[in-house]
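Quick note: the sequence shown uses my numbering, first residue 14, plus one each step.
Remarks on the structure that follows.
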Amino acid sequence: MKKLIFKKFAKDVFQFFLLVSISISLIVWVIQAVNFLDIVAEDGHGFKVYFLYTLLSLPKIFSKILPFIYFISLFYIILKYENENELIIFWTIGIKKIEFVNVLLKFSIFYLILQLLLTTYVVPTTLDKARSYIRGSNVDLFSSIIQEKKFIDVVKNLTIFVEEKDNKGNLKNIFLKEKIEKNKSQTIFAKEGKIQKYDNKSTLLLFDGKIINNNNKKVNSFEFSKTEINLSKFTTKTTTHPKIQEIGTYNVLNCVIRLKNINNAYIFNVLITKKKLNNCIPENLKNSFQEIFKRLISPFYLLPLCLIACLIIIKSKDDYEYFKYKFGLFILGVITIIISEISIKYTSTKIIQNIHIFTLPILFLIVIYLYIKFKLKKPNLINQ
14 MKKLIFKKFA KDVFQFFLLV SISISLIVWV IQAVNFLDIV AEDGHGFKVY FLYTLLSLPK
74 IFSKILPFIY FISLFYIILK YENENELIIF WTIGIKKIEF VNVLLKFSIF YLILQLLLTT
134 YVVPTTLDKA RSYIRGSNVD LFSSIIQEKK FIDVVKNLTI FVEEKDNKGN LKNIFLKEKI
194 EKNKSQTIFA KEGKIQKYDN KSTLLLFDGK IINNNNKKVN SFEFSKTEIN LSKFTTKTTT
254 HPKIQEIGTY NVLNCVIRLK NINNAYIFNV LITKKKLNNC IPENLKNSFQ EIFKRLISPF
314 YLLPLCLIAC LIIIKSKDDY EYFKYKFGLF ILGVITIIIS EISIKYTSTK IIQNIHIFTL
374 PILFLIVIYL YIKFKLKKPN LINQ
């Protein structure tokens with residue numbers, strides 16, 4: 014009987030969690046997708062790159078909102094059971110309130126494992142995959158980034174200026190400057206031009222112009238009636254190297270071990286790697302610690318959030334201060350989530366200071382659990 018009741022409770026929480034998480038994730042994703050339109054409008058990448066890059070941001074969004082959605086789900090279902098007198102069934106069949114809390118804590122471990130899987134593996138992998146599409150993409154939509162009477166320099170080593178541009182893509186009075194090497198450049202002036210695309214390659218046709226080559230201050234020039242420039246060879250200035258959040262958790266841990274010169278035989282033999290690590294420089298040590306906290310420590314805040322939701326059972330719904338009480342618990346849960354986010358910013362390069370910050374979720378868990386046990390020992394809170 015007990016298993017059936019808890020199974021129904023877990024099912025209700027999961028269904029509500031799934032519904033809300035999908036809804037909010039999609040809303041945030043759509044808003045973020047609008048912001049990512051700069052990939053097309055300003056950086057000139059194609060819509061395929063834009064779609065894949067945007068789609069692969071979904072795991073990060075889901076991971077970011079998971080603690081809040083889980084707290085809301087647990088909080089709402091417990092309140093629903095309380096208001097509909099379904100919690101009385103738990104106490105009637107002999108389930109103690111502390112047993113109820115313990116089962117919910119065990120139940121929360123499933124969501125903790127899910128969050129750890131997301132933060133340590135899925136999110137870094139998908140973000141790196143998304144970045145790989147940017148790395149492997151040329152500027153596909155030159156026509157979208159070229160604007161009248163503006164110097165466009167979003168393309169690496171190339172500056173473009175166009176005086177006029179019509180709806181058909183015809184250009185007038187065009188200026189291009191390409192930086193070939195450190196002391197070598199090429200400048201092109203043309204009266205007319207047009208961007209064409211065939212075989213997945215973009216080319217710029219120029220008419221009636223002049224090419225000026227500058228090689229170590231030696232200048233030569235010649236005029237042309239028609240010339241063609243391969244635009245597909247140019248790449249965007251969009252960041253293409255992996256950011257810290259896109260690097261695998263194993264490599265981030267390795268970077269910290271290297272930079273802190275941690276000499277431990279087990280760590281050295283099992284964890285350390287001799288291969289070159291991206292962005293593993295002293296300036297990124299703090300960022301690496303922050304990333305470790307975000308991936309490995311922050312998910313544990315789900316456990317104290319579970320206990321905060323369980324505090325609802327301490328006070329009867331018939332109490333005249335019940336509304337204020339449950340509102341206060343909700344605010345406490347939100348504050349806990351905020352603390353988990355703020356704590357990331359307070360991580361430093363000092364291991365001792367970081368240990369204090371890293372133990373915060375466990376400290377919260379112990380304090381709230383002991384408080385619940387203390388309150389449930391009072392005579393007026395003996396299980397019904």
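All residues carry an ideal CB built from backbone N, CA and C; glycine is no exception.
Given the structure is predicted, the values throughout are model-derived calculations rather than measurements.
C-beta contact flag for residue 310 and residue 371 at 8 Å:
yes
For a quick check, are the C-beta atoms of residue 137 and residue 260 less than 8 Å apart?
yes
Whose CA, out of 96, 45 and 41, lies closest to the CA of residue 79?
41
On the three-state DSSP scale, how would you describe residue 97?
coil
Range covered by the alpha helix (DSSP H) that runs through residue 302:
298-305
Would you kindly report the start and end of the unbroken alpha helix (DSSP H) that includes residue 194?
Premise fails: residue 194 lies in the beta strand (DSSP E), 183-194, not in any alpha helix (DSSP H).
How many whole angstroms separate the CB atoms of residue 268 and residue 121, which I take to be in contact at a CB cut-off of 8 Å?
Actually they are not in contact, since the Cβ atoms of residue 268 and residue 121 sit about 31 Å apart, beyond 8 Å.
Close-in-space but distant-in-sequence residues of the same chain around residue 233 (CB under 6 Å, 5 per side omitted)
226
Which of helix, strand or coil DSSP assigns to residue 178:
strand
How many Å lie between residue 397 and residue 29 at the Cα?
Unreliable placement is indicated for residue 397, whose pLDDT of 43 sits below 50; no coordinate value is reported for it.
Mapping the DSSP letters down to three states, classify residue 402 as helix, strand or coil.
Limits of the chain in this structure are 14 at one end and 397 at the other, which puts residue 402 out of reach.
If you scan the region 352-396 from start to end, which runs of the alpha helix (DSSP H) of 4 or more residues do you find wholly inside it?
364-371 and 373-389
Looking at C-alpha atoms only, which residue of 21, 312, 332 and 343 is the closest neighbour of residue 324?
343
Does the count of Cβ pairs from the region 19-26 and the region 78-96 closer than 8 Å reach three?
yes
Boundaries of the beta strand (DSSP E) in which residue 242 is found, first to last residue:
231-243
Taking one C-beta from the region 98-113 and one from the region 214-230 each time, how about it: are there three or more such pairs within less than 8 Å?
no
How would you label residue 237, buried or exposed, when you count the other beta carbons within 10 angstroms and need 16 or more for buried?
exposed
What do you reckon, are the CB atoms on residue 330 and residue 95 nearer than 8 Å?
yes
Measuring only between beta-carbons, confirm whether residue 261 sits less than 8 Å from chain B.
Annotation note: the requested chain B is absent from the structure, which comprises a single protein chain.
Do residue 146 and residue 62 have their beta-carbon atoms positioned less than 8 Å apart in this structure?
yes
Just list the residues that DSSP pairs residue 23 with in beta bridges.
DSSP output for residue 23 lists no bridge partner at all.
Among 175, 217, 258 and 262, which one has its Cα closest to the Cα of residue 242?
217
How many Å lie between residue 195 and residue 170 at the Cα?
11 Å
Among residues of its own chain, excluding the 5 on either side of residue 302, which ones have a beta-carbon nearer than 8 Å to its beta-carbon?
269, 360, 361, 362 and 367
Given residue 178 as reference, the closest of 299, 192, 159 and 190 once Cα atoms are compared:
159
Which residues mark the beginning and the end of the beta strand (DSSP E) in which residue 119 is found?
Element bounds for residue 119: not the beta strand (DSSP E) but the alpha helix (DSSP H), 110-130.
So who's on the other strand from residue 262, going by DSSP bridges?
Beta-bridge pairing links residue 262 to no other residue.
Could you check the C-alpha separation between residue 173 and residue 132 for me, to the nearest Å?
41 Å
Check whether the Cβ atoms of residue 190 and residue 200 sit closer than 8 Å, and answer yes or no.
yes
Nearest CA to the CA of residue 187: which residue from 209, 219 and 198?
219
Whose C-beta lies closer than 8 Å to the C-beta of residue 279 among residues of the same chain, with five residues either side of it excluded?
Bear in mind that a pLDDT of 47 at residue 279, under 50, signals an unreliable position, so the model cannot answer this.
Buried or exposed, going by whether 16 or more other CB atoms sit within 10 Å of the CB of residue 72?
buried
Could you tell me the alpha carbon to alpha carbon distance between residue 389 and residue 33, rounded to whole angstroms?
32 Å
Taking buried to mean at least 16 other C-beta atoms within 10 Å of its own C-beta, is residue 281 buried or exposed?
With a pLDDT of 49 at residue 281, under the threshold of 50, the predicted position of this residue should be treated as unreliable, though the coordinate-derived value follows. That one is exposed.
Can you give the beta carbon distance from residue 143 to residue 39, rounded, assuming they're within the 8 Å contact cut?
Wrong, their Cβ atoms sit about 18 Å apart, outside the cutoff.
For residue 321 and residue 135, I'd like the C-alpha separation in whole angstroms.
28 Å
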